Amino acid sequence: MMQLGLIALALYLLMLPVTGMVPVLRELTVGRYPDLGEFAQHLFMSANMLGALLCVPLAGLLSDLWQRRRPIIAGALALNAVSLFMLLQDWSYPVYLAWRFLEGCAHITALTLLMTLAADHARRRGSGAVMGLVGAAISLGVASGAPLGGWLGNTGAERVLHWGALLMLLLAPLAALTLRDLPVGRGHGGLGQLLRALPANRALLLPYAFAFVDRLTVGFIVSTLSLYLSQVIGLDAGRIGLTMALFLIPFSLLTFPAGLLSKRWNPLLMMLLGSAAYGLTLTAVGLVPGGSIPWLMFAGGVTAALMYAPSLVLVAELSRPEHKALAMSGFNFAGSLGFVLGPLTGGGLVSLFGSYTPAFVIVGGLEVLCALVFLPLALRRRA
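Following the working numbering, the numbering of the sequence shown begins with 65 at its first residue and continues without gaps.
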């Protein structure tokens, strides 16, 4: 149980700098590079997730080949610290984005293998409770990061990067000294067998599809919604952080109970219902007056928990022990692809329509559509 607590703590701390940057997105982009357009501003978030997208399959493959998690986690955390520190320096915007890309590589490697290490423990303690704890730690870190970033950003956006780098620098040796790898129990069959493992396990495509769409909406929220709150609604960094917290806090607090609930209910049906309600809520954010947005953000956090925890449970239950890191990397690959496309989709739609409202309707509608497509499958499994 001590190991699970340490993994949860590491996941929580790892996520703080991620959403800590959201309230100061404008200051970190046009604040430093005044000539940037809407699309170029969105590239700051997409560069990070593009790095994650390209690196996460390699991280999972290396971990399963080596059958080790801890040393790779520690190295990734150290690299994360370096990349955050380098973002504080004076670069051209393309080089600035390159460091952001490298930060994404380091972050996703640490995140994926910490999640994998927790899934290794789930074989002994049950997927619902363990993966619910994982989801809660991640979402609580995300929830804490937004208001913390808003508070730090009120006295300078660079403080968010500075404290994030320091936190990762402290976390790297902590992970190296305290985390413990578990034996997989059987061989992986070599590189060829590992490369064939995910295509052969088609059941994993279901949580992967939802990871893609869910993270696309998250990428949209942390970029397009942040800019919408700043430029259209007129909120400052602190109030943007608090608005994000209204979504993230119920999300984080309810993820663990949702994981426990998935042991009693059909996790697939939970994921579908939560996704549909979440998509409708996101659509409404772009249609209502600014004063109603906090209530919708809170409702979105509740529904997001109902879809996120079951998706983690499904990945843990559907993957084989010797392919666990690859399965989790596939989940995060799908999510990273969605996150990359989220800011690009938001920026592209706003540029195309000249308004934020169609962007909210289209992106929220994608979530509802995904739930409707898989609803017949969930009903057949329930029967």
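Glycine residues also receive a C-beta, built at the ideal position from the N, C-alpha and C atoms.
Model, not experiment: these values are computed from the prediction.
Secondary structure of G305 (DSSP, three-state): helix. In the three-state reduction of the DSSP assignment, L80 falls in the helix class. Assigned with DSSP and collapsed to three states, T93 falls in coil, not helix or strand. In the DSSP assignment, K388 falls within the unbroken alpha helix (DSSP H) covering 388-417. By the neighbour-count criterion, in which a residue is buried when 16 or more other Cβ atoms sit within 10 angstroms of its Cβ, K327 is exposed. By the criterion of a C-beta distance shorter than 7 angstroms, L233 is surrounded in its chain by A145, once the five residues flanking it on both sides are discounted. In this structure, V352 lies away from G213, with their beta-carbon atoms at least 8 angstroms apart. It is roughly 8 angstroms from the alpha-carbon of T281 to the alpha-carbon of L346.
The count of Cβ pairs closer than 8 angstroms, one atom from the stretch 399-412 and one from the stretch 188-208, stays below three, leaving the stretches out of contact. By the CB criterion at 8 angstroms, T288 and I357 fall outside the cutoff. Within its own chain, the residues whose Cβ lies closer than 6 angstroms to the Cβ of L439, once the five positions on either side in sequence are excluded, are L336, listed in chain order.
Ranked by Cα distance from F417, the first of G84, E102, P81, H171 is E102.
DSSP places M85 in the coil class of the three-state scheme, outside both helix and strand. Contact fails between the stretch 116-124 and the stretch 421-433, because fewer than three Cβ pairs, one in each stretch, are under 8 angstroms apart. Around the Cβ of W163, a 10 Å sphere holds 16 or more other Cβ atoms; the residue is buried. Judged by beta-carbon spacing, L181 lies beyond the 8 angstroms limit of E167, meaning their Cβ atoms are not closer than that value.
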